[in-house]
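Only one structure is covered here, and it is reproduced in the block below.
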Amino acid sequence: MAEGAARIVVAKPGLDGHDRGVKIVARVLRDAGVEVIYTGLRQTPEMIVAAALQEDADAIGLSVLSGAHMTMFTRVMELLRENDAEDIRVFGGGIIPDADIAELERLGVAKIFTPGAPTSEIADWVRENVRPAHAA
Numbered sequence: 001m002a003e004g005a006a007r008i009v010v011a012k013p014g015l016d017g018h019d020r021g022v023k024i025v026a027r028v029l030r031d032a033g034v035e036v037i038y039t040g041l042r043q044t045p046e047m048i049v050a051a052a053l054q055e056d057a058d059a060i061g062l063s064v065l066s067g068a069h070m071t072m073f074t075r076v077m078e079l080l081r082e083n084d085a086e087d088i089r090v091f092g093g094g095i096i097p098d099a100d101i102a103e104l105e106r107l108g109v110a111k112i113f114t115p116g117a118p119t120s121e122i123a124d125w126v127r128e129n130v131r132p133a134h135a136a
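Residues 1 to 136 in full-length UniProt numbering are what the sequence shown spells out, letter by letter.
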């Protein structure tokens with residue numbers, strides 16, 4: 001990876017086994033020069049935050065299609081606060097109603113992408129909004 005590239009932990013929290021989309025997003029981000037650490041399926045919020053801390057990640061990207069988005073995103077945000085790691089930006093995507101997107105943003109989630117979002121839009125958002133803290 002290029003020196004100074006943003007590092008992002010990408011994860012599928014919970015019991016959702018649909019990983020095609022998250023793998024496509026991970027590849028698009030990697031091709032855009034982002035260092036991507038994909039943690040795989042069925043991750044707990046605790047596992048995801050631990051990976052982000054261990055990997056010195058600049059952001060966490062969550063893919064939630066199971067309907068458990070409020071629980072998963074909320075817990076990740078809580079764990080980041082508990083670990084004094086609120087500088088790690090959280091974004092994600094999935095089947096998430098507009099009313100829930102507003103609530104997630106209120107909780108501190110930086111961005112939610114809904115089904116059909118162009119992968120170029122995701123890569124552009126990451127390039128513009130995730131800065132590599134470790135590249136000092």
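Positions of the beta carbon are idealized from the N, C-alpha and C atoms, including for glycine. Remember, it's a predicted structure, so these values are computed and weren't measured experimentally.
Near residue i, what residues of its chain come up, given a Cβ to Cβ distance below 8 Å and the 5 sequence neighbours on each side ignored?
i	result
Ala5	Gly33, Val34, Glu35, Pro132, Ala135
What does the alpha-carbon distance come out to for the pair residue i and residue j?
i	j	result
Phe113	Ala99	14 Å
Arg20	Asp84	32 Å
Tyr38	Val126	16 Å
Gln121	Gly93	The question names Gln, but residue 121 is Glu in the sequence shown. Spanning the two alpha carbons is a distance of roughly 12 Å.
Gly14	Met77	15 Å
Val42	Phe91	The amino acid at residue 42 is misidentified as Val; the sequence shows Arg. Answer to the nearest angstrom: the Cα atoms are 18 Å apart.
Asp31	Arg89	20 Å
Is the beta carbon of residue i sitting closer than 8 Å to the one on residue j?
i	j	result
Pro115	Ile95	yes
Val130	Ile8	yes
Phe73	Leu107	yes
Residues in its own chain within less than 7 Å of residue i by CB, not counting five upstream and five downstream?
i	result
Leu79	Pro45, Glu46, Val49
Can you tell me which of the three DSSP states residue i falls into?
i	result
Ile48	helix
Ile96	coil
residue 184	The structure shown does not extend to residue 184, since the chain is modelled only from 1 through 136, so no value can be given for it.
Ala11	strand
Whole-angstrom Cβ separation of residue i and residue j, contact assumed at under 8 Å?
i	j	result
Ala11	Leu65	Contact doesn't hold; Cβ gap of about 13 Å is too wide.
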